[in-house]
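J.: Per this note's numbering, the very first residue in the sequence shown carries number 61; after that it's consecutive.
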Amino acid sequence: MAETTDVVFAGGGIIGLAAAWEAAQRGLSVRVVDPAPGRGAAWVAAGMLAPVTESSFGEEALTRLFLAASASWPGFASRLKTATGWDTGFRACGAIAVALDASDRAQIDQLLDFQHGLGLEASRLSATDCRSLVPVLSPAVRGGALMPGDHQVDNRALVLSLIDGCVRAGVKLTSDRVVSVSLDRKGAATGVVTEGGEIYLAGTVVLAAGVDTPAIGGLPEGVLPPVRPVKGHVARLRAQPDGEAFSHTVRGLVHGHHSYLVPRADGSVVVGATSEERGYDTTVQAGAVHSLLDDARLLVPAVDEWEFVECIAGLRPASPDNAPFVGPTSVPRLLVATGHYRNGFLLAPITAESVATYIATGSVPPPLDAFPVDRRFPAARTGSDL
Ligand SMILES: Cc1cc2nc3c(=O)[nH]c(=O)nc-3n(C[C@H](O)[C@H](O)[C@H](O)COP(=O)(O)OP(=O)(O)OC[C@H]3O[C@@H](n4cnc5c(N)ncnc54)[C@H](O)[C@@H]3O)c2cc1C
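(1) On a Cα-Cα basis, can you pick out the residue from Ala397, Tyr418, Thr123, Gly422 that is closest to glycine 72?
(2) Scan the region 256–324 and note each continuous alpha helix (DSSP H) run of 4 residues or more that stays entirely inside, going in chain order.
(3) When we look at the beta-carbon of threonine 188 and count the other beta-carbons within 10 Å, is it buried (16 or more) or exposed?
(4) Put phenylalanine 69 into one of helix, strand or coil per three-state DSSP.
(5) Take the Cβ of glutamine 175 as the centre, count every other Cβ of all protein chains shown within 10 Å, and call the residue buried at 16 or more, exposed below.
(6) Taking the alpha-carbon positions, what's the glycine 270 to valine 194 distance?
(7) For the beta strand (DSSP E) containing leucine 193, name the first residue and the last one.
(8) Taking the beta carbon of glycine 247 as the centre, do at least 16 other beta carbons fall within 10 Å, making it buried, or is it exposed?
(9) Excluding sequence positions up to five away, which residues of its chain have a Cβ less than 6 Å from the Cβ of valine 363?
(10) Sort out for me which residues DSSP pairs phenylalanine 368 with in a bridge.
(11) Helix, strand or coil for lysine 246 per DSSP?
(12) I want to know whether the region 218–236 touches the region 143–161 - three or more CB-CB distances under 8 Å.
(13) Looking only at its own chain, which residues have a Cβ that is under 6 Å from the Cβ of valine 219, when we skip the five neighbours before and after it?
(14) Proline 388 lies in the beta strand (DSSP E); which residues open and close that run?
(15) Answer with buried or exposed for phenylalanine 431, where buried requires no fewer than 16 other C-beta atoms within 10 angstroms of its C-beta.
(16) Does the region 104–112 come close enough to the region 416–436 that 3 or more CB-CB pairs lie under 8 Å?
(17) Out of Ala105, Asp66, Thr64, Ala62, state which residue places its alpha-carbon closest to the alpha-carbon of isoleucine 75.
(18) Does any heavy atom of ligand 1 sit closer than 7 Å to the C-beta of threonine 398?
(19) If you draw a straight line from the C-alpha of arginine 237 to the C-alpha of isoleucine 168, how long is it?
(20) Roughly how many whole angstroms lie between the Cα atoms of serine 163 and glycine 230?
(21) Within this structure, are the beta carbons of serine 242 and isoleucine 276 separated by less than 8 Å?
(22) Pull up the distance between the alpha-carbon of valine 290 and that of arginine 376, whole angstroms please.
(23) Per the DSSP calculation, leucine 109 is bridged to which residue(s)?
(24) What residues in its chain sit with their C-beta under 6 Å from that of alanine 416, if we drop five residues either side in the sequence?
(25) Keeping to the same chain, check which residues put their C-beta closer than 7 Å to that of leucine 122; ignore five residues upstream and five downstream.
(26) Looking at alanine 84 and ligand 1, is the gap between the Cβ and the nearest heavy atom below 7 Å?
(27) Any idea if serine 319 is buried or exposed, counting beta-carbon neighbours within 10 angstroms, 16 or more meaning buried?
(28) Tell me, to the nearest whole angstrom, how far the beta carbon of alanine 205 is from that of isoleucine 156; I am working on the premise that it is less than 8 Å.
(29) Less than 7 Å between the CB of tyrosine 401 and some heavy atom of ligand 1, yes or no?
(30) Of the residues Asp161, His317, Val158, Ser130, which one's Cα is nearest the Cα of phenylalanine 150?
(31) Cβ of alanine 101 within 7 Å of any heavy atom in ligand 1?
(32) Drop a sphere of 10 angstroms on the beta-carbon of threonine 411, count the other beta-carbons inside from all chains shown, and report buried for 16 or more, exposed for fewer.
(33) Determine contact between the region 310–318 and the region 345–356, defined as no fewer than three beta-carbon pairs at a distance below 8 Å.
(34) Check this for me: beta carbons of histidine 293 and alanine 378, under 8 Å apart or not?
(35) Between which two residues does the alpha helix (DSSP H) carrying arginine 338 extend?
(36) Please state if the CB of leucine 395 and the CB of phenylalanine 126 are separated by a distance shorter than 8 Å.
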């Protein structure tokens, strides 16, 4: 049997890695068990840190969480850089939302009213303003909005720097899959059991396996919160050999479809994303590649000239109310950190802080305490509403 640690994480995606690193920074001994750390949804994602663009009607509490999460990003990125020397590609780039037709324009205006009602920083842009901020935009763009507080991080650089940060901080990375949680006679969590037949004992067990969290066994029914996979395809293109192709993230409404182009410092551009309820399927489908590129080239005609690098699909861990599940469960010494849906990157630092704080104090700090793991949902609300 392996050495006991203070904490064991089942899952080292963006959430497990960030929380493991934070816990190790605070002096805890930590193990992360994952067969392929950082290669789940974290590897696919676009890395937008978009509290304003992601704000949605009826989700005011979630928007407050997004804003707090966004505020924790500069400190987190700078601490990680100091610890590892890696540049995570965290950039205060700002985002613009652009509309292709009158109905898209009306939708952006409606969202702007909502954002202003919440006191969020966003301003209306004319078509000319949009093109002066992002000259590669199509002349067909009808106008839009500027969200100066929406930023980005390079998702893959961040994952790799967190793995390095964890190793440097003494976190044990174990390549195996967790099959169940082990419990003592009083029903408290004592560790995890793996596919390889190992038992890793720990003072606290954190389940952070993204969409696979509910499949972890050994627990009484109803302990784990409802998380479902929402498939997303993303394409990566190379616009130029070096240097960003344009500065702001572009969030487009293309005849009612959502589309985005995220420019990276190395000249590549991430184009996303589909949103599909297809269970645990990550095959890349031709129709999805077609629709991603079709919408992108309507926004930015130069896309036709760019190099096609890859298309990849991943599974967002979604909850019924789009908010994450971070905190204790009804099983003593068992926490979960999952359900981050479209915003796992934005929420990673605040989740990491909250997990580490819970382990030290026994309380989930605000604003994540507004979303207890055992919250209940109206039975009628299903995935098709989201
Ligand atoms: C197309 C797309 C675009 C996205 N864009 C953005 C964006 O721009 N901004 C943003 O903030 N978020 C974005 N997201 C969402 C973000 O990627 C997720 O919210 C985030 O990755 C969730 O983190 P996680 O660690 O919970 O899950 P994951 O990143 O999926 O990691 C889960 C980890 O658990 C491991 N695992 C699974 N089962 C087990 C097991 N039994 N035992 C041990 N380990 C296990 C896996 O190997 C994996 O490493 C996007 C997602 C997709 C799919």
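Glycine is no exception: its CB is placed at the ideal position from the N, C-alpha and C atoms.
T.: Taking the definition as stated:
(1) Ala397
(2) none
(3) exposed
(4) If DSSP states are grouped into helix, strand and coil, phenylalanine 69 belongs with the strands.
(5) buried
(6) Glycine 270 and valine 194: Cα-Cα distance of roughly 35 Å.
(7) Per DSSP, leucine 193 belongs to no beta strand (DSSP E); it is in the alpha helix (DSSP H), 187–193.
(8) exposed
(9) Ala356, Arg357
(10) Leu297
(11) coil
(12) yes
(13) Gly98, Ala102
(14) 385–388 is the span of the beta strand (DSSP E), which, as asked, contains proline 388.
(15) With 16 or more neighbouring CB atoms inside 10 Å of its own CB, phenylalanine 431 falls in the buried class.
(16) no
(17) It is Ala105.
(18) yes
(19) Taking the Cα positions, arginine 237 is about 44 Å away from isoleucine 168.
(20) 54 Å
(21) no
(22) 5 Å
(23) His211
(24) Glu82, Ala83, Arg86
(25) Asn382, Ala383
(26) no
(27) buried
(28) 7 Å
(29) Taking non-hydrogen atoms of ligand 1 into account, the C-beta of tyrosine 401 is found less than 7 Å away from one of them.
(30) Ser130
(31) Because some heavy atom of ligand 1 lies under 7 Å away, the Cβ of alanine 101 counts as near it: yes.
(32) buried
(33) yes
(34) no
(35) Counting along the chain, arginine 338 falls outside any alpha helix (DSSP H), and DSSP gives it neither H nor E.
(36) no
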